[in-house]
Amino acid sequence: MTDHPIVSLRGVTKTYGGIDALADADFDLLQGEIHALVGENGAGKSTLCKLIAGVVTPSAGTISVDGAAVVFATPKDASRRGISMVYQETSLVPQLTVAQNIVLGRERTFNSVRRVRNAARQVLQGLNFKVDPSQLAGSLSAAKRQMVEIARAVLNEARVIIFDEPTAALTPEETDHLFDLMRSLKRKGVSMIFISHALEEALRHSDRITVLRNGRVMTSGPASSFDRSLLIQHMIGDELKEAGRPARAARPALSALPILQVENVRMGNMVNNMSFSVFPGEITGIAGLIGSGRSEVAKVIMGHTKRNFGGGRIWLDGREVRYRLPAQAVADGIAYVSEDRKLDGFFETMSAADNIGLGWLAKFGRRRLRTPLQTMRRLASEWERRLSIRATNLNQPVLSLSGGNQQKVVIAKSLVQNPRLVIFDEPTRGVDVGAIAEIRSIIRGFAESGAGVILISSYLPEILELSDRILVAKSGTIAAEFSRAEASAAKILHAAIH
Ligand SMILES: Nc1ncnc2c1ncn2[C@@H]1O[C@H](COP(=O)(O)OP(=O)(O)OP(=O)(O)O)[C@@H](O)[C@H]1O
Ligand SMILES: [Mg+2]
Numbered sequence: 377m378t379d380h381p382i383v384s385l386r387g388v389t390k391t392y393g394g395i396d397a398l399a400d401a402d403f404d405l406l407q408g409e410i411h412a413l414v415g416e417n418g419a420g421k422s423t424l425c426k427l428i429a430g431v432v433t434p435s436a437g438t439i440s441v442d443g444a445a446v447v448f449a450t451p452k453d454a455s456r457r458g459i460s461m462v463y464q465e466t467s468l469v470p471q472l473t474v475a476q477n478i479v480l481g482r483e484r485t486f487n488s489v490r491r492v493r494n495a496a497r498q499v500l501q502g503l504n505f506k507v508d509p510s511q512l513a514g515s516l517s518a519a520k521r522q523m524v525e526i527a528r529a530v531l532n533e534a535r536v537i538i539f540d541e542p543t544a545a546l547t548p549e550e551t552d553h554l555f556d557l558m559r560s561l562k563r564k565g566v567s568m569i570f571i572s573h574a575l576e577e578a579l580r581h582s583d584r585i586t587v588l589r590n591g592r593v594m595t596s597g598p599a600s601s602f603d604r605s606l607l608i609q610h611m612i613g614d615e616l617k618e619a620g621r622p623a624r625a626a627r628p629a630l631s632a633l634p635i636l637q638v639e640n641v642r643m644g645n646m647v648n649n650m651s652f653s654v655f656p657g658e659i660t661g662i663a664g665l666i667g668s669g670r671s672e673v674a675k676v677i678m679g680h681t682k683r684n685f686g687g688g689r690i691w692l693d694g695r696e697v698r699y700r701l702p703a704q705a706v707a708d709g710i711a712y713v714s715e716d717r718k719l720d721g722f723f724e725t726m727s728a729a730d731n732i733g734l735g736w737l738a739k740f741g742r743r744r745l746r747t748p749l750q751t752m753r754r755l756a757s758e759w760e761r762r763l764s765i766r767a768t769n770l771n772q773p774v775l776s777l778s779g780g781n782q783q784k785v786v787i788a789k790s791l792v793q794n795p796r797l798v799i800f801d802e803p804t805r806g807v808d809v810g811a812i813a814e815i816r817s818i819i820r821g822f823a824e825s826g827a828g829v830i831l832i833s834s835y836l837p838e839i840l841e842l843s844d845r846i847l848v849a850k851s852g853t854i855a856a857e858f859s860r861a862e863a864s865a866a867k868i869l870h871a872a873i874h
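Numbering-wise (the numbering used here), the sequence shown opens with residue 377 and increments by one.
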């Protein structure tokens with residue numbers, strides 16, 4: 377690492393509809409450093425990165441590379457100067473294979489199917505990512521899509537790689553591996569920026585940290601000069617202190633009868649004789665590694681995957697059900713908060729309010745002759761307030777909200793349906809510390825009101841904090857079950873791996 381900045385921003389502002397997503401920002405990325413960006417949802421982290429990567433152009437100020445001012449009109453211009461970005465919302469082309477996506481834009485260098493596949497295989501293996509190069513990108517899990525994006529940047533031999541929340545969709549082992557990889561890139565002189573809501577990651581794995589708040593750079597300095605509470609202080613000012621995590625005793629279930637029973641459900645090779653029950657008034661956590669069949673069983677319950685259904689039975693309130701379409705599950709009072717907001721979470725060109733309103737309409741609007749616009753608007757603004765969804769303006773398409781705010785829209789859209797059973801799949805991924813506390817208390821409130829809750833999470837502290845009962849999925853079955861009292865991180869990990 378040297379003190380020579382490879383990229384610098386001076387007085388850079390990016391304005392959307394009169395509001396500053398980034399205001400008068402000074403920022404330096406030094407040669408060969410790993411630089412972490414932290415801040416609340418909507419603080420301007422992704423915007424800062426997109427400016428450097430040529431995805432958006434500054435409204436004012438100067439960006440320099442190697443000391444000379446540059447103007448990037450497109451990401452291609454940045455990539456010609458050796459700057460690559462791994463996006464928060466994946467940018468892969470779903471209809472292309474993994475290999476084709478990895479070489480995208482460089483087809484001339486890899487001009488045969490075999491070369492493309494070999495190059496892709498080599499870079500994936502080098503990264504130790506277990507992704508099949510011939511698979512279609514659209515069929516990959518969130519974690520694997522992220523891996524493909526990282527592989528693409530590495531193949532581009534970038535001098536600057538920007539990672540927007542790279543670890544949000546990775547397991548702990550995959551995360552360790554990514555940081556090992558970043559350290560080895562650093563030894564080759566590559567400079568990296570990564571955004572993370574996990575402050576420990578920033579503290580442990582970066583050389584320097586920059587904190588953003590409300591579009592402003594609050595501070596920037598060596599990682600060793602910060603600790604967790606100092607970072608939080610810069611992130612949120614004196615607004616609020618991080619919510620405490622009081623220990624909570626398990627509640628007795630409200631009813632001995634399960635709200636949902638799943639018996640010997642099978643789907644493709646992902647779900648393999650899965651059986652479990654969910655009780656009303658209780659949070660049933662499902663832990664497990666990515667690929668253990670957790671999200672897939674949720675999709676079977678919702679009627680999302682008809683084709684590979686391999687048998688098994690499902691009861692809702694003692695009545696056997698088998699949904700062919702998610703709309704049928706929604707009508708029966710089941711809501712699914714997807715881990716994958718971009719693919720099945722929302723209508724991206726509509727505003728947050730319209731998305732929330734449509735969520736309500738999907739459940740309650742069926743028998744109505746006229747669209748009750750007023751009710752939809754009232755509920756939308758109520759939920760925007762409850763989840764503090766922050767948009768620069770009300771009609772902003774949801775895709776242009778910050779990542780964490782998009783996640784809140786997905787949650788609101790489901791909860792406005794007033795469901796009796798909610799399946800939360802990685803509900804706090806990509807969400808900042810303040811909003812995590814809000815979302816967790818909403819999940820808890822749901823169970824307390826007597827609804828059934830399934831919580832799928834890769835983040836063990838979250839499972840441990842919220843769940844009354846913990847199931848551990850492994851290779852498509854439930855490998856273990858723990859009560860709240862007997863559960864521990866060590867036991868869960870052991871059951872998930874061995
Ligand atoms: N295309 C756009 N149009 C309008 N507003 C936008 C657009 N892109 C971003 N914004 C706004 O700019 C602000 C900063 O967004 P940004 O995506 O940089 O936040 P972030 O720090 O990355 O947040 P998160 O942690 O949630 O990903 C937000 O208020 C967002 O709504
Ligand atoms: Mg972001």
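In this text, a Cβ means the ideal position worked out from N, Cα and C, and glycines have one as well.
As the structure is a prediction and not an experimental result, all values here were calculated from the model.
Between Phe-403 and Val-593, the CB-CB gap stays under 8 Å. By the criterion of at least three beta-carbon pairs nearer than 8 Å, the stretch 640-657 is not in contact with the stretch 858-872.
In summary, Lys-390 is buried, with 16 or more beta-carbon neighbours lying within 10 Å of its beta-carbon over all protein chains present. Distance from the CA atom of Val-479 to the CA atom of Val-697, rounded to whole angstroms, is 45 Å. Annotation: the continuous beta strand (DSSP E) that includes Gln-637 extends over 636-643.
The C-beta separation of Gly-387 from Gly-443 comes to about 16 Å, leaving the pair out of contact by the 8 Å criterion.
Distances taken from the Cβ of Leu-836 to the heavy atoms of ligand 1 include none shorter than 7 Å.
Residues of the same chain with a CB within less than 7 Å of the CB of Glu-409, apart from the 5 flanking positions on each side, are Met-377, Ser-567, Asp-583, Arg-584 in chain order. Here the alpha carbon of Gly-458 sits roughly 6 Å from the alpha carbon of Val-536. Nearest C-alpha to Asp-708 among Asn-494, Ile-873, Leu-406, Asn-794: Asn-794. Per DSSP, the unbroken alpha helix (DSSP H) holding Met-678 starts and ends at 670-678.
Between Thr-660 and Ser-843, the C-beta spacing is below 8 Å.
In this structure, Thr-595 sits away from Arg-521, with a CB-CB distance that is not shorter than 8 Å. Under the three-state reduction of DSSP output, Gly-733 falls in the helix class. Residue pairing by DSSP places Arg-592 opposite Arg-589 in a beta bridge. Judged by the Cβ position, Thr-595 fails to qualify as a neighbour of ligand 1 at the 7 Å threshold, every heavy atom of the ligand being at least this far. Taking a contact as a CB-CB distance under 8 Å, the pair Ala-399 and Asp-716 does not count as one, their CB atoms being some 32 Å apart. Here Asp-583 carries a coil assignment [DSSP, helix/strand/coil]. Rounded to whole angstroms, the Cβ separation of Leu-500 and Val-489 is 16 Å, and the two are not in contact under 8 Å. Comparing alpha carbon positions, the residue from Ala-827, Val-706, Ser-825, Ile-819 closest to Ser-833 is Ile-819. By the Cβ test, the stretch 758-778 is not in contact with the stretch 674-689, since fewer than three Cβ pairs between them sit closer than 8 Å.
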